[in-house]
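Below is one structure, written out as structure tokens, with a few remarks after it.
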Amino acid sequence: MHKLLERQLRRSGLLESLKALPEAWQAFLETVHQAYEQSDTDRVMLERSLDLTSKELTQRNADLRHQQRVLNDLTRSRSIYLGSLQETLGKLTEALSKTLGVERAGVWFFNTDQSKIVCSDLYQKSKDHHSSGVEISTTEHPAYFLALAAERTVAAHDAQHDARTCDFAETHFKPLGITSSLSVSISFQGKVVGLITNGHVGSPREWTLEDRQFASSIADVVSLAMEIGEHRRAEEEITAAYGRLRQTQAQLVETEKLAMLGKFAAGIAHEIKNPLAIILQGENYLRHVEGLQSPEKQEVLLLMRSAVNRADHIVRSLLDLARPAALRLGNHDFHVMLDSAFSLAIKPFNPNAYRITKNYTQESVSVNVDEDQMQQVFINLVVNALQAMPAGGELTIRTYTKTISADDSGVGRRATDYFKLGDRVVACEIADTGCGIPANKIAKVFDPFYTTKPRGEGTGLGLSIVRAIIEAHRGLIAVRTQEGRGTCFTVLLPLSQ
Ligand SMILES: Nc1ncnc2c1ncn2[C@@H]1O[C@H](COP(=O)(O)OP(=O)(O)OP(=O)(O)O)[C@@H](O)[C@H]1O
Ligand SMILES: [Mg+2]
Numbered sequence: 000m001h002k003l004l005e006r007q008l009r010r011s012g013l014l015e016s017l018k019a020l021p022e023a024w025q026a027f028l029e030t031v032h033q034a035y036e037q038s039d040t041d042r043v044m045l046e047r048s049l050d051l052t053s054k055e056l057t058q059r060n061a062d063l064r065h066q067q068r069v070l071n072d073l074t075r076s077r078s079i080y081l082g083s084l085q086e087t088l089g090k091l092t093e094a095l096s097k098t099l100g101v102e103r104a105g106v107w108f109f110n111t112d113q114s115k116i117v118c119s120d121l122y123q124k125s126k127d128h129h130s131s132g133v134e135i136s137t138t139e140h141p142a143y144f145l146a147l148a149a150e151r152t153v154a155a156h157d158a159q160h161d162a163r164t165c166d167f168a169e170t171h172f173k174p175l176g177i178t179s180s181l182s183v184s185i186s187f188q189g190k191v192v193g194l195i196t197n198g199h200v201g202s203p204r205e206w207t208l209e210d211r212q213f214a215s216s217i218a219d220v221v222s223l224a225m226e227i228g229e230h231r232r233a234e235e236e237i238t239a240a241y242g243r244l245r246q247t248q249a250q251l252v253e254t255e256k257l258a259m260l261g262k263f264a265a266g267i268a269h270e271i272k273n274p275l276a277i278i279l280q281g282e283n284y285l286r287h288v289e290g291l292q293s294p295e296k297q298e299v300l301l302l303m304r305s306a307v308n309r310a311d312h313i314v315r316s317l318l319d320l321a322r323p324a325a326l327r328l329g330n331h332d333f334h335v336m337l338d339s340a341f342s343l344a345i346k347p348f349n350p351n352a353y354r355i356t357k358n359y360t361q362e363s364v365s366v367n368v369d370e371d372q373m374q375q376v377f378i379n380l381v382v383n384a385l386q387a388m389p390a391g392g393e394l395t396i397r398t399y400t401k402t403i404s405a406d407d408s409g410v411g412r413r414a415t416d417y418f419k420l421g422d423r424v425v426a427c428e429i430a431d432t433g434c435g436i437p438a439n440k441i442a443k444v445f446d447p448f449y450t451t452k453p454r455g456e457g458t459g460l461g462l463s464i465v466r467a468i469i470e471a472h473r474g475l476i477a478v479r480t481q482e483g484r485g486t487c488f489t490v491l492l493p494l495s496q
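To convert, note that position 298 of the sequence shown is 297 in numbering that gives the first Met the number 0; the numbers rise steadily by one, no gaps.
See below:
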């Protein structure tokens, strides 16, 4: 007899009298006994299932709290606020995979005509590896994409047979061992732009409400990151546009200055040129006239000649600057031109005082330039470099070709910018180990008449002419320098087409 039943009967004093009960009552007693037994088993089962439910609840609670923490960390991550979408996506797929315990988690975006999705980041947990670039046609998997558009979340317990996802069974799920899949679409500015995928490997799993909510929240974080990225880009565009505006303003001021200077210089030059020519002719005549051969007179004549030559040089430079001669363009071998400019420039110097290195690219480089003017550019730059090293030093001339990238200055998207992204150019660096230029003077070196050389040695027109010529060729010149250590001028010129 069931113990509890026995105890209750004894307490009520009925246990002894049971024996006297008729046969039919005995059978009834047996039924009562069985009912007691059954209630025992039910109770044990109930207790066990209560225990399980409470354990599961505790576990789900812990999972939920963990998911909240992960989400909190993600939304505070620096990469999101720095607008670096790719880095953020990497973090998100990793968080998805680790938090949901799925083997593969990915973020995909539609291409412009929505004919395919392209993987931006796919994390594989067992290999701890990120990849990207895989593409999937949307037209070949209509059921899946229709379901995503209609439901936002597609949670497939049995992914290989689920009507919404079975199109992927042979191509993806079976080869990768994926049994369950969970996808959520990503919206941006009111449009579905991509999706998040989770592929579970192993025995199929049910996706809990928490799993779905977590995946949806990750999809929202992607939208947030895109939003922030968009703001960042807009901000950068504004900053860049502002920078370009300031540069254009500065150029306008410069052009204005140069135009005024040009008028002024052209006027003076015309006034001076003719008298100079007359003096020069006179000097030539006097030199050959009898009776003027005494050494003193010869010396005076020589001084006169050099003074006139110098004045003539200044006048020519002013004219070059004021009215740059029309370009006589032709295709020229850049290195041949550079070498001949170098030989002319080094002439007045003692070559033994310098260590000269020519580090030219192996490629043959052809440029479409006015040869005379371009030679003048490199003569000026080499002479400046040599003059910056009165006690000798190192002069390095390096050339290389390159493709203009976003990092290069003066590069923009408008037709008026010097170069456009992707343009091919030759770069020529002329570097010395001379006195360098003080930081507060760098902006001045291209100004006409700015010179630090003793009176009579420099006109201060060299670099302004250099820049005018390079810009007339749609090239660029830049300078890097460190006071006391040296200077490097870099010239960029477009390569011949
Ligand atoms: N490689 C260099 N190292 C140090 N300073 C330089 C260098 N190149 C130019 N400079 C500075 O820039 C100034 C202007 O140079 P720029 O060539 O325009 O005129 P300049 O050399 O003084 O005279 P010139 O008209 O004879 O060329 C120089 O006086 C010098 O102070
Ligand atoms: Mg000079």
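Cβ coordinates follow ideal geometry from the N, Cα and C atoms, glycine included.
Taking the Cβ atoms as the reference, S215 lies roughly 17 Å from H199, outside the contact range of under 8 Å. Every residue with a CB closer than 5 Å to a heavy atom of ligand 2 is listed here in chain order: N383 and G461. Along the length of the segment 343-398, whole alpha helix (DSSP H) runs at least 4 residues long occupy 370-386, reported in chain order.
Here K401 has V424 and A426 as same chain residues with Cβ atoms under 7 Å from its own Cβ, once five neighbours each way along the sequence are excluded. When DSSP states are grouped into helix, strand and coil, W107 belongs to the strand group.
Look at the beta carbons and you see the segment 362-369 touching the segment 328-336: at least three pairs across the two are nearer than 8 Å.
When the beta-carbon positions are compared, G474 and T432 stay at least 8 Å from each other. By the Cβ test, the segment 428-447 is in contact with the segment 478-494, since at least three Cβ pairs between them sit closer than 8 Å. When distances are taken from the beta-carbon of D311 to the heavy atoms of ligand 1, even the shortest one reaches 7 Å or more.
If you look at R42, you'll find it in the alpha helix (DSSP H) that goes E22 to T74.
CA-to-CA, the gap between S182 and D210 works out to about 11 Å. The C-beta separation of T450 from I313 comes to about 12 Å, leaving the pair out of contact by the 8 Å criterion.
Between ligand 1 and the CB of Y353, the shortest heavy atom gap is not smaller than 7 Å. When DSSP reads this structure, D332 sits in a beta bridge with S365. Residue burial is scored here from C-beta neighbours: F144 has at least 16 other C-beta atoms within 10 angstroms and is therefore classed as buried. Taking C-beta separations shorter than 7 Å and ignoring five residues to either side along the sequence, the partners of A154 in its chain run L181, W206 and R211, following chain order. A distance below 8 Å separates the beta carbons of L121 and S130.
With contacts defined as CB atoms closer than 8 Å, I217 and L95 qualify as a contacting pair.
Here Y122 carries a strand assignment [DSSP, helix/strand/coil]. In this structure, T98 has its CB at a distance of at least 7 Å from all heavy atoms of ligand 1. When K90, D50 and Q280 are compared, the shortest CA-CA separation from V69 is found for K90. Look at I468 here: in three-state DSSP terms it is helix.
As computed with DSSP, G193 is found in a beta bridge with F108 and I185. Between L462 and N349, the gap from beta carbon to beta carbon reaches 8 Å or more. Here D127 carries a coil assignment [DSSP, helix/strand/coil]. Judged by DSSP in its simplified three-state form, P453 adopts coil rather than helix or strand.
A straight-line Cα-Cα distance of about 15 Å links L460 and I441.
Taking the C-beta atoms as reference points, A142 is found nearer than 8 Å to D166. Buried is the label assigned to W107, since at least 16 other Cβ atoms lie within 10 Å of its Cβ.
Shown here for R354: same chain residues with a beta carbon closer than 6 Å to its own, the five before and five after excluded, namely E393 in chain order.
Between the C-alpha atoms of P453 and V478 there is a straight-line separation of about 23 Å.
In this structure, DSSP gives L81 a state outside helix and strand, which the three-state scheme calls coil. The closest heavy atom of ligand 1 lies 7 Å or more from the beta carbon of K346.
Counted as a single uninterrupted DSSP element, the beta strand (DSSP E) harbouring F488 occupies residues G485 to P493.
Residue environment: Y241 is assigned as exposed (fewer than 16 neighbouring CB atoms within 10 Å of its CB, all protein chains considered). In the structure shown, L300 falls within a helical segment according to DSSP collapsed to helix, strand and coil.
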